[in-house]
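*Asks:*
Residue numbers (our numbering): 613 to 723.
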């Protein structure tokens with residue numbers, strides 16, 4: 613599994629690179645605070661993989677998953693599920709929303 617740093621993620625977003633950013637936490641947690649332009653697809657849902665595939669449109673499109681912080685294991689589990697399902701460009705943003713915020717980047721609330 614590949615990981616991505618805050619600097620790398622910021623660069624991809626600034627360059628509007630193709631791919632999707634997926635928050636793997638529950639809807640309640642997502643609505644409290646998330647990285648702008650990220651989708652909420654909770655990792656614990658039975659249809660997690662199919663929802664990501666539908667959102668991405670292709671198993672080749674880069675998918676970046678993240679959760680609350682480095683202590684949260686949800687994004688790592690999500691990345692493993694996606695790789696096992698045949699996704700070829702999966703990245704785990706291990707620092708999650710906490711690292712994003714600590715780097716001075718904006719988190720947004722709501723759906």
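C-beta: ideal position from N, C-alpha, C; glycine also.
On the three-state DSSP scale, how would you describe residue 694?
*Replies:* By 1-based counting over the chain shown, the position of residue 694 is 82. Here residue 694 sits in helix by DSSP.
*Asks:* To the nearest angstrom, how far is it from the Cα of residue 677 to the Cα of residue 670?
*Replies:* Translated into positions along the chain shown, residue 677 becomes position 65. Translated into positions along the chain shown, residue 670 becomes position 58. If I take the Cα positions, the gap works out to 16 Å.
*Asks:* Taking 8 Å as the cut-off, decide whether the C-beta atoms of residue 664 and residue 694 are in contact.
*Replies:* Here residue 664 refers to the residue found at position 52 of the chain shown. Here residue 694 refers to the residue found at position 82 of the chain shown. Cβ atoms of residue 664 and residue 694: closer than 8 Å.
*Asks:* How many angstroms separate the CA atom of residue 714 from the CA atom of residue 656?
*Replies:* If you number the chain shown from 1, residue 714 lands on position 102. If you number the chain shown from 1, residue 656 lands on position 44. Taking the straight line from one Cα to the other gives about 26 Å.
*Asks:* Under 8 Å between the Cβ atoms of residue 635 and residue 652?
*Replies:* In the chain shown, residue 635 corresponds to position 23, counting from 1. In the chain shown, residue 652 corresponds to position 40, counting from 1. It is a contact, given that the beta carbons lie within the stated cut-off.
*Asks:* Residues in its own chain within less than 6 Å of residue 697 by CB, not counting five upstream and five downstream?
*Replies:* Working through the chain shown from its first residue, we reach residue 697 at position 85. Same-chain partners within the cutoff: 661.
*Asks:* Please report how far the alpha carbon of residue 722 lies from the alpha carbon of residue 642, in whole angstroms.
*Replies:* For the purposes of this step, residue 722 is identified with residue 110 of the chain shown, where counting begins at 1. For the purposes of this step, residue 642 is identified with residue 30 of the chain shown, where counting begins at 1. Those two C-alpha atoms are separated by around 7 Å.
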